[in-house]
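The structure appears below as structure tokens.
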Amino acid sequence: MAKPVVITADSTCDLSQELRERYQIHIIPLTILLGDESYLDGVQFTTEDIYARYRADGSLPKTSAPSIQQFIDFFTPFLEKGFEVVHLDISSELSVSFNNARLAAMELEGIYPVDSRMLSTGLGLLCLEGAECRDAGMAAKEIAAHLESLVDKVDTSFVLDTLEFMWKGGRCSGVAALGANLLHLKPALEMKDGKLGVYKKYRGSIQSVYRQYAKERLAGKEIRPGHIFITDSGEVPDQTLEELTALVREAVPDAAIHYTKAGCTVTSHCGPKTLGVLFIRK
Numbered sequence: 003m004a005k006p007v008v009i010t011a012d013s014t015c016d017l018s019q020e021l022r023e024r025y026q027i028h029i030i031p032l033t034i035l036l037g038d039e040s041y042l043d044g045v046q047f048t049t050e051d052i053y054a055r056y057r058a059d060g061s062l063p064k065t066s067a068p069s070i071q072q073f074i075d076f077f078t079p080f081l082e083k084g085f086e087v088v089h090l091d092i093s094s095e096l097s098v099s100f101n102n103a104r105l106a107a108m109e110l111e112g113i114y115p116v117d118s119r120m121l122s123t124g125l126g127l128l129c130l131e132g133a134e135c136r137d138a139g140m141a142a143k144e145i146a147a148h149l150e151s152l153v154d155k156v157d158t159s160f161v162l163d164t165l166e167f168m169w170k171g172g173r174c175s176g177v178a179a180l181g182a183n184l185l186h187l188k189p190a191l192e193m194k195d196g197k198l199g200v201y202k203k204y205r206g207s208i209q210s211v212y213r214q215y216a217k218e219r220l221a222g223k224e225i226r227p228g229h230i231f232i233t234d235s236g237e238v239p240d241q242t243l244e245e246l247t248a249l250v251r252e253a254v255p256d257a258a259i260h261y262t263k264a265g266c267t268v269t270s271h272c273g274p275k276t277l278g279v280l281f282i283r284k
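All residue numbers for the sequence shown refer to the numbering used here, where the first residue is 3 and numbers rise by one.
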């Protein structure tokens, strides 16, 4: 008889507390580093804290993955209670989190790590899928294999209001950031082959760009009617979110639409007013 299953993920999944509780998903936090200070992602340090520190002294945090021992300590209580664990992590191209989880799993029995090849609620979509598979009675090994088969169908993208945070974090040149600002360009990023890269540059006010981005991202795609995320990094007007929700509802009438805030990883890279519409394709 198959053992009961626990679904776990690292904190970059950006699931709200309400969704974590509803779907019984357990989170291991990354560590946020600011100089000599360290904080647990989403527990001791939030998106609002990033903006406050940046506006106070211009500093941006770095993130550190849980160590192998931290993963062992995280997984062990579930195993001791008779569970098996399906664990999901941010793309291995972006962090050593998955590799550390994999190495921890080699020291234990009943742990099934999955490299999401995603970040933020792209990873969150796989978490919800895993929870629904668990509730349907699937065994841990089967759930992990199913999630791995979906990775290439997850559509993860964001549009940015500014390149300032990427420039300050050393992820683009000052010339590129200045040029984008002068030309009123809004870069759109997508996850491809486990990495986040620019796929288009929009022009105009961020409010009009949000609508154009969402329409184009949803157009012509066979979208699974399950879960769709509208995820932003803060400072997006409620009216805009309501308009985007209506656009998504029109494109996928039967979808469960979830609104979430991006966590520290996306925020520290992309800055305020970043927004994404994320879903799984058929």
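The beta carbon of each residue, even a glycine, is placed where N, CA and C say it ideally should be.
| Check | Outcome |
| --- | --- |
| What are the complete alpha helix (DSSP H) segments, minimum 4 residues, inside the region 257-281? | 266-272 |
| Starting from V250, follow the alpha helix (DSSP H) in both directions and report where the run begins and ends. | 240-253 |
| Keeping to the same chain, check which residues put their C-beta closer than 6 Å to that of G126; ignore five residues upstream and five downstream. | C15, D16, L17 |
| Taking the alpha-carbon of S118 as reference, which of T65, A11, E109, D240 has the nearest alpha-carbon? | A11 |
| Does the Cβ-Cβ distance between K5 and F80 come in under 8 Å? | no |
| Are the beta-carbon atoms belonging to S69 and N101 less than 8 Å from one another? | no |
| Flag this pair as yes or no: are the beta carbons of L220 and K188 separated by less than 8 Å? | no |
| Is it the case that the Cβ atoms of I92 and L62 are separated by a distance below 8 Å? | no |
| When the Cα atoms are used, what is the spatial distance from V268 to E82? | 34 Å |
| Determine the closest residue to A258 out of S151, L21, E39, S235, with distance taken between C-alpha atoms. | L21 |
| Straight-line CA distance for H271 to E23? | 27 Å |
| Output yes or no for whether 8 Å exceeds the beta carbon distance between K197 and I282. | no |
| Using CA atoms only, rank isn't needed, just tell me which of P115, F47, A58 is closest to T65. | F47 |
| On the premise that A216 lies in contact with L249, defined as a C-beta separation below 8 Å, what is that separation, rounded to the nearest angstrom? | 5 Å |
| Check the DSSP bridge columns for L187 and list the partner residues they point to. | R205 |
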